[in-house]
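Protein chains: 2
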Amino acid sequence: MQYKKSFNFLKSLPTKLNLFYEKKSKFGIIVSNKSKNKKDFDPVTNFDKSFEKYIRSLILKKFPMDAIIGEEYKDKNSRNDFKWSIDPIDGTRAFVIGAPTWSNLIGFSYKNKSLLGLANFPELYRYYISDDKKSYVYKKGKKSVLKSSKNNNLKTIKIIGNFHGIFNFQKQNKITKKFGSSFRLFSLDALNYCLLAEGKVDAVIEANLKPYDILPLIPIIKNSG
Amino acid sequence: MQYKKSFNFLKSLPTKLNLFYEKKSKFGIIVSNKSKNKKDFDPVTNFDKSFEKYIRSLILKKFPMDAIIGEEYKDKNSRNDFKWSIDPIDGTRAFVIGAPTWSNLIGFSYKNKSLLGLANFPELYRYYISDDKKSYVYKKGKKSVLKSSKNNNLKTIKIIGNFHGIFNFQKQNKITKKFGSSFRLFSLDALNYCLLAEGKVDAVIEANLKPYDILPLIPIIKNSG
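Line by line, the protein sequences give chains A and B. Letter 74 of the first sequence, counting from 1, is numbered 74 in this note's numbering, and no numbers are missing. Letter 90 of the second sequence, counting from 1, is numbered 90 in this note's numbering, and no numbers are missing.
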């Protein structure tokens, strides 16, 4: 019951979020640095915050008992075993410079098992979503079932990755050299995983992920094969 | 006369190219390496070739006297001073892994002076175009005039760049460190310059450009301020 209701809720979000973004984008982007270490730069914008507030309010209205965790605000505890996770803008750095590859990530889990996920890309006019059996992409409203690639030949696979600066350049150079021409370093954030589920790339290498970064993506990837 | 006719022609291309791509995308992508040096990887696909063939055929039909230069085929000499330049897929590497940031670039020049440019992004449902006075972006059919940013304060500007591997990682590290948090290395190819014209970023640093990479973009950037 809750499952079906949660899926329908998730499915209704892209239209709402895109409209919200369209209205909001008349205002400028204000960037601040949320890193405690002054030397680092971990940007957050007024858009991250207002997206998360808006998504929280929608969840709260429909599912007042469920837990909510999000990137910008405090955890809300649950009175049941259902939990929503929100990354209001995955790819804030891309967002700030106007690159259209950022997304809203929303996941739904039961007893810490990821059940449903949504990755909504307002500027790409597409979203990725999973139900209990399959994953889908909607591009400009047109639906396709996702099927990941079965290629595991290390000589021909296409790999996409992002190390988020955890290695120094020498180390990174060494890793990418090992994979040769098939490896492509792309800062596409969640889109990396969506392209995996779509079968456009064969593997993703990534470092330094946080729970709200990956929870919504797990069911989308799983259901694609 | 020729000027207005050329602009109208350029303006008619996105619809045609997107339809062409939609039909063609039912077939798979075949990648080959066109680098003469076996160690390098300079990918070209069947899509690069058929896009260029198609664009050449459209130009030839409308402007049989004009010169054409393109990335994949031989130069066609002119019997006048008008020249078309084609980069059928700018961002072939992005295209191969399914990243939606690749574009078709088409430029029009007179006596080697760039007059008009088109950057069409089929998977972003948008294109950038210039006429003799202004530059525009059409997003899902909705038109906006482009206005580049006036920010030249080195502490607050947003810079986007791509070195295409001409520097080793140490050197690259040094350059990006110098710019600090404002610098973002993004492999968005022509989209970097379109975001500049749109005022989303304040500066672009790029290396290793070829004529057909940049000719179509010059008028778009110039007219945006």
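For every residue, glycine included, the Cβ atom is placed at its ideal position computed from N, Cα and C.
- Item | Straight-line gap, L13 (chain A) to K142 (chain B) (C-alpha atoms, nearest Å) | 23 Å
- Message: Report the CB separation of G107 (chain B) from S135 (chain B) in whole angstroms; it is logged as a contact under 8 Å.
- Response: Between S135 (chain B) and G107 (chain B) the Cβ distance is about 13 Å, and since that is not below 8 Å, they are no contact.
- Item | Coil, strand or helix - K200 (chain A) by DSSP | coil
- Three-state secondary structure (DSSP) at R79 (chain B)? coil
- Buried versus exposed, by CB contacts within 10 Å (16 or more), S35 (chain A): exposed
- Task: Using alpha carbons as the reference points, say which of B:G98, B:S130, B:P216, B:N104 lies closest to Y54 (chain B).
- Result: B:N104
- For the segment 81-110 of chain B, which residues have a beta carbon sitting closer than 9 Å to at least one beta carbon of chain A? R93, A94, V96, I97, G98, A99, P100, T101
- When we look at the beta-carbon of N151 (chain A) and count the other beta-carbons within 10 Å, is it buried (16 or more) or exposed? exposed
- Item | Beta-carbon neighbours of K200 (chain A), restricted to chain B and to distances below 7 Å | I97, G98
- Hey, how far is the Cα of P122 (chain B) from the Cα of L19 (chain B)? 9 Å
- Message: For A67 (chain A), report the span of its beta strand (DSSP E) as first-last.
- Response: 67-70
- Query: Helix, strand or coil: which one does DSSP assign to L217 (chain A)?
  - Reply: helix
- Exposed or buried, E22 (chain B), counting other C-beta atoms within 10 Å across all chains shown (16 or more means buried)? exposed
- Item | Pick from B:G28, B:D87, B:F51, B:N77 that is closest to D189 (chain B), judged by C-alpha positions | B:D87
- Item | Within 7 Å of chain B by C-beta, residues of the segment 122-139 of chain A in sequence order | L124, Y125
- Item | Three or more C-beta pairs below 8 Å linking the segment 56-73 of chain A and the segment 46-63 of chain B | no
- Continuous alpha helix (DSSP H) stretch holding I59 (chain B): start and end: 46-62
- Assign G225 (chain B) to buried or exposed, taking buried as 16 or more other Cβ atoms, counted over all protein chains shown, within 10 Å of its Cβ. exposed
- When the cut-off is 8 Å and only beta carbons count, does L195 (chain A) lie next to chain B? yes
- Message: Just to confirm, is the Cβ distance from T101 (chain B) to V44 (chain B) under 8 Å?
- Response: no
- Task: Have a look at the DSSP bridge pairing and note the partners of G117 (chain B).
- Result: B:G107
- Can you check whether the CB of L124 (chain A) is closer than 8 Å to the CB of P219 (chain A)? no
- Message: Are the CB atoms of R126 (chain B) and K147 (chain B) within a distance shorter than 8 Å?
- Response: no
- Give me whichever residues DSSP pairs with W84 (chain B) in a beta bridge. B:I68, B:F108
- What is the rounded straight-line gap between the Cα of E72 (chain A) and the Cα of E52 (chain A)? 7 Å
- Item | Y21 (chain A), DSSP secondary structure in three states | helix
- Query: To which residues of the same chain is L17 (chain A) closer than 7 Å at the C-beta, ignoring the five residues directly before and after it?
  - Reply: N104, N120, P122
- Task: Measure the alpha-carbon distance for I89 (chain B) versus I97 (chain A) and round it to whole angstroms.
- Result: 23 Å
- Message: the ligand HEM and L19 (chain A): does any heavy atom of the ligand fall closer than 7 Å to the residue's C-beta?
- Response: Within the structure as shown, the ligand HEM is missing, as the structure has no ligands at all.
- Give me the Cβ distance between G70 (chain A) and Y212 (chain A), rounded to the nearest whole Å; I'm assuming they're in contact under 8 Å. 6 Å
- Task: Whole angstroms is fine: what's the gap from I29 (chain B)'s alpha carbon to A67 (chain A)'s?
- Result: 44 Å
- Item | N77 (chain B) versus A99 (chain B) - alpha carbon distance | 35 Å
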